[in-house]
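Colleague:
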Amino acid sequence: MDSLEQHEWRVKWSLLGLLIALLLAILTSVSVGPMDISMSDAYRILLSGLGLDAGEVERHLATIINAIRLPRSLLAVLVGAALAVSGAAIQGVFRNPLADPGLIGISGGAALAAVSMIVFGGSALAVVTEVLGQYALMFTAFLGGFAATLVVANIATSRLGVSITTMLLAGIAINIVTGAGIGIMTYMADDVQLRTLTFWQMGSLGGATWDVVLAAGSVIAIVIVMIPRYALGLNALLLGESEARHLGIDVRRVRRNIILLSAVAVGASVAVSGMIGFVGLVVPHIIRLALGPDHRYLLPASALAGALFLLIADMIARTLIAPAELPIGLITSIIGGPFFIALIVMRARQGGGI
Numbered sequence: 002m003d004s005l006e007q008h009e010w011r012v013k014w015s016l017l018g019l020l021i022a023l024l025l026a027i028l029t030s031v032s033v034g035p036m037d038i039s040m041s042d043a044y045r046i047l048l049s050g051l052g053l054d055a056g057e058v059e060r061h062l063a064t065i066i067n068a069i070r071l072p073r074s075l076l077a078v079l080v081g082a083a084l085a086v087s088g089a090a091i092q093g094v095f096r097n098p099l100a101d102p103g104l105i106g107i108s109g110g111a112a113l114a115a116v117s118m119i120v121f122g123g124s125a126l127a128v129v130t131e132v133l134g135q136y137a138l139m140f141t142a143f144l145g146g147f148a149a150t151l152v153v154a155n156i157a158t159s160r161l162g163v164s165i166t167t168m169l170l171a172g173i174a175i176n177i178v179t180g181a182g183i184g185i186m187t188y189m190a191d192d193v194q195l196r197t198l199t200f201w202q203m204g205s206l207g208g209a210t211w212d213v214v215l216a217a218g219s220v221i222a223i224v225i226v227m228i229p230r231y232a233l234g235l236n237a238l239l240l241g242e243s244e245a246r247h248l249g250i251d252v253r254r255v256r257r258n259i260i261l262l263s264a265v266a267v268g269a270s271v272a273v274s275g276m277i278g279f280v281g282l283v284v285p286h287i288i289r290l291a292l293g294p295d296h297r298y299l300l301p302a303s304a305l306a307g308a309l310f311l312l313i314a315d316m317i318a319r320t321l322i323a324p325a326e327l328p329i330g331l332i333t334s335i336i337g338g339p340f341f342i343a344l345i346v347m348r349a350r351q352g353g354g355i
């Protein structure tokens, strides 16, 4: 067996390991909380939910898991996978591991649009709520994220290609502008909206219900399936835009579709969980270091690892100061902030810049 085959086998075993770890994390997640439930009871309840006879289970424990913890765990899986696979795809499009949906303005644009819907959804934007129902927040968040991404992409792209420095600076500017807009919306909000916005801006999965999971899942699942279809195009882009064109890749179409799909995923995630940063930065970079830059494996591995990462972060948020709950965005920022600094320092030492 040559080295290439060995690498492919190692990657496939790694993907299987991530899948098993994710399933175990889901079982653990529905077990921990203010009322501890044994993993054996949780296992039987989950099997019963699938229609399998797993023995007697206490009704109140089944209610806790089926109505509260399982929807929250599945929402963490969906949001984590969406943010991580979007981050990996965006990094591939711009050929830089510092690119992140939050850093280049996608999350900021989505957040501003979502906050506008929260504040004005019952008045100026009531028609959107009436037409789209539970998808109204996701749709507006997608539009905001997509618009912000188009602005950043147009600023950073010239005849010579994409300037990473310009892209990051444009992303910072977009985040400043959207942050100011969110501040204005917060000032205009009433007491009920203000309580929602305060916790939402720090990220939370506390609003998870089966309706939310189904609404977000129907959007995010499509993105997670579609983005890996551009793996070969992203691999070609690693060689440079001109080389990718020589290989027959429609660079403009790949970039446009990746940005569109990423905006959809981030918009849906921001709408249901608020501002959760650094997942799209930390997870793809770790997976890239472990498995290599091949997007055929990087994208699905990032989705699995992102789901696992956010699920673990949510368990920490729920249990660290129980019975109170920390915003999950604080947990990911505590992890991601130092990682981002270390990544900048490492790249500066290797190449003298970003």
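Residue numbers (the working numbering): 2 to 355. Cβ coordinates follow ideal geometry from the N, Cα and C atoms, glycine included.
1. Give me, in chain order, the residues of the same chain whose beta-carbon lies closer than 6 Å to that of V128; leave out the 5 immediate sequence neighbours on both sides.
2. Taking DSSP's pairing of strands, which residues face T179 in a bridge?
3. Please go through the same chain and pick out, in chain order, the residues whose beta-carbon is closer than 6 Å to the beta-carbon of V283, but skip the five residues on each side of it.
4. With DSSP run on the structure shown, which of helix, strand or coil describes T210?
5. Taking C-alpha atoms, which residue in I185, V220, L290, R254 lies nearest to G268?
6. How about I183 and A112: do their beta carbons lie closer than 8 Å?
7. Buried or exposed: T199, going by 16 or more other Cβ atoms within 10 Å of its Cβ?
8. Report the CB separation of T150 from I107 in whole angstroms; it is logged as a contact under 8 Å.
9. Whole angstroms is fine: what's the gap from S159's alpha carbon to A209's?
10. Alpha carbons only, please: which of W211, Y44, E57, P324 is nearest the one belonging to I27?
11. So, L84 versus G204, is the Cβ gap smaller than 8 Å?
12. Quick one: Cα of P35 to Cα of G110, how far?
13. Given a cut-off of 8 Å, decide if A89 and L300 are closer than it, judged by their beta-carbon atoms.
14. Going by the CB atoms, is the gap between I329 and I277 shorter than 8 Å?
15. May I have the straight-line CA-CA distance separating A181 from R246, to the nearest angstrom?
16. Using the C-alpha atoms, what's the distance from I66 back to E57?
17. Beta carbon of F143, beta carbon of A264: below 8 Å?
Modeller: Quick answer:
1. Excluding positions up to five away in sequence, the list is empty.
2. According to DSSP, T179 bridges with nothing at all.
3. If you ignore the 5 residues before and after V283, its C-beta comes within less than 6 Å of the C-beta of G337, F340, all in its own chain and listed in chain order.
4. Secondary structure of T210 (DSSP, three-state): coil.
5. Ranking the options by Cα distance to G268, first place goes to V220.
6. Cβ distance < 8 Å, so I183 and A112 count as in contact.
7. Its Cβ having fewer than 16 others within 10 Å, T199 is exposed.
8. Confirmed, Cβ separation roughly 5 Å.
9. Roughly 42 Å separates the two Cα atoms.
10. Selected option, being the one with the closest Cα: Y44.
11. L84 places its beta carbon 8 Å or farther from that of G204.
12. Spanning the two alpha carbons is a distance of roughly 35 Å.
13. Yes, they are a contact pair.
14. Yes.
15. Rounded to whole angstroms, A181 to R246 spans 40 Å at the Cα level.
16. Between E57 and I66, the C-alpha separation is close to 15 Å.
17. In this structure, A264 lies closer than 8 Å to F143 by Cβ.
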